[in-house]
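So the structure is just underneath, and the comments pick up after that.
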Amino acid sequence: MALAVDILRLAAVDDSYDVGVVFSGDTDLVPAIEAVQELKCGHIEVAAWRGGGGRLRIDGTSSPWCHWLDESDYQAVLDTTDYSRPRA
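So in the UniProt record's numbering the end of the sequence shown lands on 88, straight run, no missing numbers.
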């Protein structure tokens, strides 16, 4: 629920972003995404793991755009730094 509130508040009230990317397949977020689009206060896109199920979609539309990610995308940005060790 907190993510849905933030999606809407940060766009409509705080004007904190032009484009928001939601990494989730949780359909409970659709009403918040719909509200942002209806109010025209921001643009929402979705990122999701390929093969992880369906994508978030507003009924009767092709919105929001979904960026499908897979293992190769994860490996391309994997940070192998050990942050538990003090820097020299």
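Every residue, glycine too, gets a C-beta built ideally from N, C-alpha and C.
Hey, residue 7 and residue 39 are a contact pair by Cβ (cut 8 Å); roughly how many whole angstroms apart?
The pair is not a contact, with the Cβ atoms about 12 Å apart (cut-off 8 Å).
Measure the Cβ-Cβ separation of residue 22 and residue 46 and say whether it is below 7 Å.
A contact, by the Cβ cut-off of 7 Å.
Where are the alpha helix (DSSP H) runs, 4 residues long or more, that stay fully inside the region 4-55, in chain order?
30-39, all fully within the region 4-55.
For a quick check, are the C-beta atoms of residue 20 and residue 44 less than 7 Å apart?
Their beta carbons are under 7 Å apart, which means residue 20 touches residue 44 by this criterion.
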